Amino acid sequence: MSSTSTGHPKGLYLLFFTEMWERFSYYGMRAIFMLFMTQALFMTDQDASTVYGSYTGLVYLTPLLGGYISDRFWGNRRSILVGGVLMAIGQFMLFFSASQITEGSQSAAALSAMWAGLTFLIIGNGFFKPNISTMVGQLYPPNDRRIDGAFTIFYMGINLGALFSPLVCGGLGDTGNIFDFKWGFLAAGLGMVMGTLTFELLKNKYLVHHDGTPVGMPKQKMDMKTILTILGSVALIFVLLNFKTWFHSEMDLIGYLIYGAMVAMPVIIFSDKSLVPSEKQQISVIFILAFFVIFFWACFEQAGASLTLFADRQTDRHIGGWEMPASYFQSVNPIFIIALAP
Numbered sequence: 381m382s383s384t385s386t387g388h389p390k391g392l393y394l395l396f397f398t399e400m401w402e403r404f405s406y407y408g409m410r411a412i413f414m415l416f417m418t419q420a421l422f423m424t425d426q427d428a429s430t431v432y433g434s435y436t437g438l439v440y441l442t443p444l445l446g447g448y449i450s451d452r453f454w455g456n457r458r459s460i461l462v463g464g465v466l467m468a469i470g471q472f473m474l475f476f477s478a479s480q481i482t483e484g485s486q487s488a489a490a491l492s493a494m495w496a497g498l499t500f501l502i503i504g505n506g507f508f509k510p511n512i513s514t515m516v517g518q519l520y521p522p523n524d525r526r527i528d529g530a531f532t533i534f535y536m537g538i539n540l541g542a543l544f545s546p547l548v549c550g551g552l553g554d555t556g557n558i559f560d561f562k563w564g565f566l567a568a569g570l571g572m573v574m575g576t577l578t579f580e581l582l583k584n585k586y587l588v589h590h591d592g593t594p595v596g597m598p599k600q601k602m603d604m605k606t607i608l609t610i611l612g613s614v615a616l617i618f619v620l621l622n623f624k625t626w627f628h629s630e631m632d633l634i635g636y637l638i639y640g641a642m643v644a645m646p647v648i649i650f651s652d653k654s655l656v657p658s659e660k661q662q663i664s665v666i667f668i669l670a671f672f673v674i675f676f677w678a679c680f681e682q683a684g685a686s687l688t689l690f691a692d693r694q695t696d697r698h699i700g701g702w703e704m705p706a707s708y709f710q711s712v713n714p715i716f717i718i719a720l721a722p
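Just so we're aligned, residue 381 is where the sequence shown starts under our numbering, counting upward by one.
Laid out in structure tokens, this is it:
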């Protein structure tokens, strides 16, 4: 395995740049999404926040499916490729959605394209997100002391993408002209394409185990039952996102799905007879930590929702003769993380 002067394998930096571009895509879209819904699709703050909350909730739920598919069938490589392609399609669907808006009234075509785009983003994230971080650890032998440093470097890639994406996508889309939102989504889509292409072109050269064998290769062919499960999940998410619009209902089916998954997943995992007691104990610790992490992410994701609206409407953003876009405030958090990181 080839290594850099830092002692880390070169594959780490391929994953660094791939994840950086994926986070550029995610946070770039997030920086302008609430503004797009309230200003260009004429949604109320409550409806837009519900859509945003449903989207982010499902983004954190679908990695359960993506991780399972990867471990059983596709392997990390194929899952990352499929996830990257789906997320790029999702961003371009949002670009199409923003290209269909009309001034003064909500466009049905724009709304339908938005739902389709969110569905692609949610499913794509489910395949991409749990696999790329897993590959970082697979580049090193067990108990290698470099792993902690590797994840620190990888985490910096996340924050670099989060830092620049609001500046680029927000600068292009959050201009005060609702017809410019499409350029922000286009930039997010191109960022996702950049990350996916980088990964696909260089993976065979750099993503190898310490013994030289490829990392993340496919495990076995997928059976029809699993294929139908994936297609059913895609259809279910699309229906759930559209449910309130189609049926004029206030029922929060996505919330029920997430709460149900929180109960069902521990039952499914702990009923797995292949797990030994020590593994179940370790998983128990993960569930306990995950419970408390929920509250952190609930607060963190307000940056893309209520805090974006606050920055847009109740913050003096004038610096001399220039008015800073509200979306730029989402770059503040990664700036501090990068500046204060050890």
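For each residue, glycine too, the CB sits at the ideal point set by N, CA and C.
A quick note: this is a predicted structure, and the numbers were derived from the prediction, not measured.
Validate contact between the region 443–455 and the region 543–550 using beta carbons, cut 8 angstroms, 3 pairs: no
Proximity of Gly-470 and Leu-501 at Cβ, strictly below 8 angstroms: yes
Spatial distance of Leu-621 from Ser-492 (CA atoms): 10 angstroms
Beta-carbon proximity list for Phe-507, same chain, < 6 angstroms, skipping 5 on both sides: Contacts found: Gly-446, Ser-459, Val-462 and Gly-463.
For Glu-703, three-class secondary structure by DSSP: strand
Exposure of Thr-532, with buried meaning 16 or more beta-carbon neighbours within 10 Å: exposed
Residue-level contact to chain C via CB, Asn-505, 8 angstroms cutoff: Reference to chain C is not applicable here, since this structure consists of a single protein chain.
CB contact flag (Met-400, Leu-689, <8 angstroms): no
The region 417–427 touching the region 606–616, judged by at least three CB pairs closer than 8 angstroms: no
Separation of Asn-584 from Leu-395, as counted between CA atoms: Taking the straight line joining both Cα atoms gives about 12 angstroms.
Pro-594 (DSSP reduced to helix, strand or coil): For Pro-594, the three-state secondary structure derived from DSSP is strand.
CB of Met-536 within 8 angstroms of CB of Ala-683, strictly: It is not a contact, given that the beta carbons lie outside the stated cut-off.
Runs of beta strand (DSSP E) wholly within the region 431–476 (minimum 3 residues, chain order): none
Residue span of the alpha helix (DSSP H) that contains Pro-510, given as start and end: Going by DSSP, Pro-510 is part of the alpha helix (DSSP H) stretching over 488–518.
Residue span of the alpha helix (DSSP H) that contains Val-614, given as start and end: 604–627
Reference Thr-593, options Ser-479, Tyr-520 and Tyr-407, closest by Cα: Taking each of Ser-479, Tyr-520 and Tyr-407 in turn and checking the Cα distance to Thr-593, the smallest one comes out for Tyr-520.
Cβ separation of Phe-510 and Pro-443, assumed to be a contact under 8 angstroms, to the nearest whole Å: First, the residue type needs correcting, since residue 510 is Pro and not Phe in the sequence shown. Right, their Cβ atoms sit about 4 angstroms apart.
Nearest to His-589 (by Cα), restricted to the options Val-516, Thr-424, Val-439 and Leu-608: Ranking the options by Cα distance to His-589, first place goes to Val-516.
Buried or exposed (CB count within 10 angstroms, at least 16 for buried), Pro-522: exposed
Cβ pair count under 8 angstroms reaching 3, the region 465–484 against the region 562–581: yes
Among Arg-403, Tyr-636 and Ala-488, nearest to Leu-421 - alpha-carbon criterion: Ala-488
Cβ distance (whole Å) where Ala-411 is taken to contact Gln-710 below 8 angstroms: 5 angstroms
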